[in-house]
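So the sequences go chain by chain: A, B and C.
For the first sequence, the residue numbers in the numbering used here are 8 to 507.
For the second sequence, the residue numbers in the numbering used here are 486 to 810.
For the third sequence, the residue numbers in the numbering used here are 903 to 1222.
In what follows, a single structure is set out as structure tokens and then discussed.
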Amino acid sequence: MTPLMKLEHIDKQFPGVRALSDVSIEFYSGEIHALVGENGAGKSTMIKIILSAYKPTSGKIYMEGKEIELAGPLEASKAGIEAVHQELMLVPWLSVARNIFLNHELRLPGTGLFDIRQMEVRASELLDSFGIHIDVTRPVKEFSASVWKMIDIARVVNLNPKLIIFDEPTAILSEREVESLMKKILELKAQGVAVIYISHRLQEIEKLADKISVLRDGHHVGTMSGKGMNEDEIVKCMVGRDVSSFYSRNINVPGEELLRMEHLNLKKGQRDISLSVHRGEIVGLAGLVGAGRTEVAESLFGMNRILSGSIYYKGEKIKPHSVSSMIDRGAYLVPENRKYEGLILRFSVASNIALSAFRHWSRFFYNKKKEGLYAEQMIKTLSIKTPGRMQLVGNLSGGNQQKVVIGKAMVTESEFLIFDEPTVGVDVGAKEEIHNLMDDFVQKNGGILMISSDLPEIIGMCDRVYIMYEGKIVKELRREELSDKNIADYMLGSKGGDGQ
Amino acid sequence: MEKRKKDFFGIFFETGLYRAGILIAMCVVMSFISKDFFKVSNFLNIFRQSSVLLVLAACATGCILTHGIDNSIGGVMSLCGCACGYFLNHNVSIPVAVLLTILIGMSFGCINGLLVGVVKIPPFVSTYGVSYIANGLALILMGSDIFSGFPKTFRTLASGNVLGFPLITIIALGVTGLMYLLFQRSKFGKQVYCVGANHTTAKYSGINTLLTLFLVYIISGCGAAMGGILQVARQSAAQAGMGDTFQMTAIAAIVIGGTSMAGGEGSVFGAVIGALILTLIVNAMNLLGVPALAQSIVTGAIIVLAVLLDVQMKKIQAARAEATA
Amino acid sequence: MKNKKPQKSIIQVLGSIEPVIWMLAIIIITFSFTGEKFLSWGNTINIIKQASPFLILALAETMAVLVGQIDLSVGNNMAFCTVIIALLMRSGLPVWVCAAAGVLTGAGCGLLNGVFIARFKVPAYITTFGFGTMFYGVGSLITGGVSIPAMEDHFRFLADGSVFGIPMVMIIALLVFLAVWLLVYRTSFGRNMYGLGGNREALFLGGVDPVKAEIMIFTVIGVLVGMAGILFAARSASGHPDYGKQWEFNAIAATIIGGNSFSEGNGNIFKTMLGVLFIQILKTGLNISGVSPQSQSFLLGLIVVVAISTDVLLKARKEA
């Protein structure tokens, strides 16, 4: 059987970097082919070559046995190659129906004008088949990010491609939506579509993949059958060494109380929130996307007004009104979206590390010397991989960017950290390092509240876990009680609910 | 050898020194074309003419650095100029008149800060509206009158010399120097750049973004007031609408100087170069006898071309940075 | 069961009405007390006549705002078009040739803006200001700063005439509005416009060249500006480079008061129409109520700022 697409000896050279060297892979119709590798291993370069957004420096691409050379994404699309990108490819203020037919609008015969009604009918049918029942005449902006993602996926599927690339499709989906997506992908496979699946979530790959190809440092390490692979083996191939125990935690006896929230009612709709974090503890805050976890964290920093209830920090009752006042007290929020909330990508590593602390070391003049000093110190202690402190943060990998955000917190000498999705989009190696940093931090008598949608991470790292569902904390679990099933039941609201 | 040369060009581009190069090149070309150009008196003239623009541009740089804009410079300048004239004609002593005028400018800055920071109207629109309010107040105050006949001491602000150097230029350079310290050397300046480069990150990092925005617009309002006072002193007259032409020229000076309208990037030094370039063009056109009606053609074209050049330079710079990375 | 829209309570329905409609109601009621003739038929016709060319100009500005840009040259370019039209008319060319030349002039100005903004990446603020100033200069130079008469009868009919009692300007404005509606909501031009404002990457991956699309949009803006120029020239029976003064502020203010936003391409042309009505009624009302011209500028600025603030605050509150 000829492969649908075959890459042969692909090389891609960027100025100063060889992104891909001698990669040969075959993709077959009716097969789910997972592509794994750390960030910077060459996955996105490869996708862009398949989509012909990049031209390979050397090597050949065959489609259905014939050598092809496509001029750009549009031609690739015509040839039946489509991708669900990490970024959402939708226009926010056009209707759902218009977005599903974006750039492929149905037209009224004769006039060439758009046939809006026809598009709406077809879009509605299509989304129903995904199990999404929404008003397709409304702008997509009115729906949540996860619905956007599903609309985007429906848009791509609607083009009837022969090859679909899914690039981290589940990063912002809830568990329920992930399940319906999995079903759809299996359907596509049954219809004979070739699927390339990229994800950092290895359980998904374990579940879906027929074949797994591993990229490391631009090289194709190997392709293996997906059946019967376990996570440890995949990780070993990706990183090129044993990542012995995924989550290493030293459990200590909790110390004095750092934070206590009592019966908080918040402006953004969270009700009756009570939780506490002690020194030496990592406390998890689990729940679906949109359950209100970030909003609870924000209330401590004056970004979500407290309607009633009280907050105690280090035993003292406080009224949080600004981020800076909490930083001064030693609390720090490592936000969810490091690129837009945590970092200034256009600034250097050193400037970014200084962001939260420079208020304290400068009187009138900005203290450039101290900035450099602290930056060097953080680059060393957090082992941030950068050519130098003057490197722009935008040029670092996801994991190293996250370490810079942690560095920002460290230089303010924080004792209490809130991590919001600390390892999203971070590769396996760096993930382990970040987890070690967190463990280290609580060993040194700090406390951590960690918001995460990654269940293994929650189970592996936390001493205690609060589970949120629709704006309320529905359950508190101790470390011994943590299991996939147990947490998921409460997260999805099938247990607990009102009568806790 | 080869490497050193590259470094020279690197520094030349990256520090924006090439903009100063353009300024010098323009001077050289002009000295060949017009024999009246390369004279001490003409240079002093250019400095005198550029002073008001320097003050306006230097003070408004902060707004653009925060990814905002102050479209009310012209309106506030008109109002402040008229108010200053009004005070002086009503026997208010000079220091008090100046102080009151600056207070008016700052309070308009406050309104801008409020609209941009608290109400969160895009700065472009809110400051435009405020400009209308200020202009309207100036009209109500003045009608079509012109105030003149100010005390001689006041006019010395513009006409006086210190050691042969125009006093007004010394004032302008003082203000510019202060802005340089404020925006580029101080803690506050760093906050301004952070807010401009990424407002959300600045907020999450504990920077008081609201206060930063407020101060930036207040400084700009203060600059507009000072510009108004100096302009009144220069013309020995105040009338409504006197600031109209300065609005766009001030913004253009900042942008020509390499400050990005996307925020977080640029310098006060650039604004100085920009202001000098724009003044030089007007000076040159006057020397060459370009008719007044045609001058706006040249000004318009030069503004677009100067920024076009700047954008292209930045592209080359980015390409170089990528190649060396 | 599916696609069933949930029933809304009356309060929800009232709350979902654009704030500009409330503000319109408020000023209409206020002026009907302060100015006797405000609610008369003659005044209504007058407002419509005044608003018609303004609407076309504001539609042009709306396109720029929806792609996340700004056009500061609409006023000056429009005035430049009136100059060209008047000059050609004075030289004895037929009306339709003059009108076509006006539209072409506008398109040319728009094209120039578009090329510099999209292709050369010069910020729209600078480009449109620079070229606006330039065309103002060109207009001043060729007219010598005096107005050029354009008295041809057929031409004046465009502004003064009426068909079955409906003012001709209104018919033209509505036809243009309809054409723009079709363009924006039923063709790929409109998709590109919303795409440029909302998600350039999506547009690019779908095979649209964003640079070409943006140039196209600025050219269409120019065409609309040219059309507005025809109506302005017909109304004042002359062409003058100063006719554009402050019209860009009016156009931008109308666009924003209507509720259009610079970010993500959030807006539509109906909002602009409401914004235009608001500003025109405000101006006429102030006039009729006997407010002095000096105070008008102040009041206009103040009310515009308050109106936009109200709009923004109400929306922020709804979202929270």
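No residue lacks a Cβ here, since even glycine has one placed at the ideal position from N, Cα and C.
Quick caveat, the model's predicted, so the values are computed rather than measured.
DSSP beta-bridge partners of residue i
i, result
"Val1125/C", "In the DSSP output, where bridge partners are listed per residue, Val1125/C has none listed."
"Ile172/A", "Ala90/A and Ile203/A"
"Tyr339/A", "Leu424/A"
"Phe1066/C", "Its beta-bridge partners do not exist; DSSP assigns none."
"Pro80/A", "Answer is none; Pro80/A lacks a bridge partner."
"Leu1085/C", "In the DSSP output, where bridge partners are listed per residue, Leu1085/C has none listed."
"Ile289/A", "Ile455/A"
"Met475/A", "Gly294/A and Ile480/A"
"Glu323/A", "Tyr320/A"
C-alpha gap between residue i and residue j, whole angstroms
i, j, result
"Phe527/A", "Ile219/A", "In this structure chain A extends from 8 to 507, so residue 527/A is not present and cannot be described."
"Leu1202/C", "Ile618/B", "8 Å"
"Lys675/B", "Phe365/A", "9 Å"
"Glu263/A", "Ala1209/C", "53 Å"
"Gly726/B", "Ala988/C", "29 Å"
"His575/B", "Cys565/B", "15 Å"
"Ile465/A", "Asp427/A", "12 Å"
"Ile1190/C", "Ser629/B", "22 Å"
"Ser557/B", "Val143/A", "43 Å"
"Gly728/B", "Phe1134/C", "28 Å"
"Leu666/B", "Ile704/B", "13 Å"
"Lys376/A", "Gly1012/C", "50 Å"
"Arg471/A", "Ile1019/C", "55 Å"
"Ile606/B", "Leu698/B", "13 Å"
"Phe668/B", "Met397/A", "20 Å"
"Cys983/C", "Thr1007/C", "6 Å"
"Glu149/A", "Leu584/B", "51 Å"
"Lys906/C", "Val128/A", "Low confidence applies here, because Lys906/C scores a pLDDT of 43, under 50, leaving its location unreliable; read the following figure in that light. Computed Cα separation, rounded: 14 Å."
"Ala216/A", "Gln210/A", "10 Å"
"Pro80/A", "Pro1112/C", "14 Å"
"His285/A", "Leu265/A", "5 Å"
"Met903/C", "Asp18/A", "In this predicted model, Met903/C has a pLDDT of only 36, less than 50, meaning its place in the structure is not dependable enough to derive any value."
"Gly713/B", "Glu343/A", "47 Å"
"Ala1227/C", "Ala1139/C", "The question about residue 1227/C has no answer here: the residues shown for chain C are numbered 903 through 1222."
"Arg1088/C", "Glu194/A", "34 Å"
Selection from the options that minimises the alpha carbon distance to residue i
i, options, result
"Ile212/A", "His226/A, Leu58/A and Glu240/A", "Glu240/A"
"Lys234/A", "Arg267/A, Leu484/A, Leu109/A and Ile39/A", "Ile39/A"
"Leu166/A", "Asp122/A, Pro146/A, Tyr373/A and Lys85/A", "Lys85/A"
"Glu1150/C", "Ile949/C, Ala966/C, Met925/C and Glu938/C", "Ala966/C"
"Ile1073/C", "Gln952/C, Glu938/C and Leu926/C", "Gln952/C"
Proximity of residue i and residue j at Cβ, strictly below 7 Å
i, j, result
"Met1095/C", "Leu961/C", "no"
"Ile289/A", "Ile455/A", "yes"
"Val537/B", "Leu715/B", "yes"
"Met8/A", "Phe34/A", "no"
"Gly1128/C", "Thr1157/C", "no"
"Gly723/B", "Cys567/B", "Residue identity check: residue 723/B is Ala in the sequence provided, not Gly. Yes, Cβ-Cβ distance for Ala723/B and Cys567/B is below 7 Å."
C-beta neighbour in chain D for residue i, strict 7 Å
i, result
"Pro607/B", "Of the protein chains in the structure, A, B and C, none is chain D."
Under 9 Å by beta carbon: chain B residues contacting residue i
i, result
"Val400/A", "Correct list: empty, because the minimum Cβ distance to chain B is about 10 Å."
"Ser1197/C", "Gly621, Leu624 and Ile625"
"Gly405/A", "By Cβ distance, chain B contributes nothing, its closest Cβ being about 16 Å from Gly405/A, past 9 Å."
Chain-ordered neighbours of residue i on chain A, where CB pairs are closer than 8 Å
i, result
"Arg1088/C", "Leu120, Phe121 and Ile123"
"Glu938/C", "Simply none; closest approach about 43 Å."
Under 9 Å by beta carbon: chain A residues contacting residue i
i, result
"Tyr665/B", "The contacting residues do not exist; Tyr665/B stays about 12 Å from chain A at best."
Residue i: contacting residues in chain A (beta-carbon distance under 7 Å)
i, result
"Ser671/B", "Phe371, Phe372 and Tyr373"
"Ala1223/C", "In the structure as shown, chain C begins at 903 and stops at 1222. Residue 1223/C is therefore absent and cannot be evaluated."
Under 7 Å by beta carbon: chain C residues contacting residue i
i, result
"Met746/B", "Pro1025 and Tyr1027"
Proximal residues of chain C, C-beta to C-beta of residue i below 9 Å
i, result
"Ser84/A", "Leu1107, Gly1108 and Gly1109"
Neighbour list for residue i in chain C, Cβ cutoff strictly below 8 Å
i, result
"Ala737/B", "Ile1028, Phe1031 and Gly1032"
Amino acids of chain B, ordered along the chain, whose beta-carbon sits closer than 8 Å to that of residue i
i, result
"Leu27/A", "By Cβ distance, chain B contributes nothing, its closest Cβ being about 18 Å from Leu27/A, past 8 Å."
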